[in-house]
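**Student:** Read in this note's numbering, the sequence shown has 108 at position 108, and its numbers run on one by one without any break. Pasting a structure below so you can have a look.
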Amino acid sequence: MFVNALIVGLGGATGSILRFLTNELFDNYLNQSSVYATLTVNIIGCFLIGLILGSTLPSRDASFYFFVIGLLGSYTTMSAFSHQIILMANSNLIEAISYIMLTVFLTILATYIGASFTE
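Here it is, written out as structure tokens:
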């Protein structure tokens, strides 16, 4: 378990650095809002999780821990969310749709409530 945690940590550090570099690219070189950087990392992360889902990688080996949980988990939360939706939809479409709606609503609500504490 400790080795897997280290592998996740290395992937997470890599994903965080890639996220930072993407934000820097958009902010400093493309003069674009960070909203576009976030959109870009979410699209790239979801594309990559799709590639991984279509491959043999989802077996819980070191590559899975590094790429899926670590790198993509820190690069974008949308990739993990999308991965869960695909897995859920394969067995229960209604549950997957409910999960999407609940997640979007509750995360926006939580952000609003959190921001209201700072006012």
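Even glycine gets a Cβ: it sits at the ideal position worked out from N, Cα and C. Fair warning: this is a prediction, and the values are worked out from it, not measured in the lab.
1) How many angstroms separate the CA atom of Ala-80 from the CA atom of Leu-30?
2) Only counting runs of 3 or more residues, tell me where the beta strand (DSSP E) segments fall wholly within the segment 27-77, in order along the chain.
3) Is Met-171 helix, strand or coil by DSSP?
4) Looking at the secondary structure, which residues open and close the alpha helix (DSSP H) in which Leu-106 lies?
5) Assuming contact is defined by CB atoms lying nearer than 8 Å, are Ile-7 and Phe-47 in contact in what I supplied?
**Tutor:** For this structure:
1) 27 Å
2) none
3) Only positions 1 to 119 of the chain appear in this structure, which leaves residue 171 out of reach.
4) 93-116
5) no
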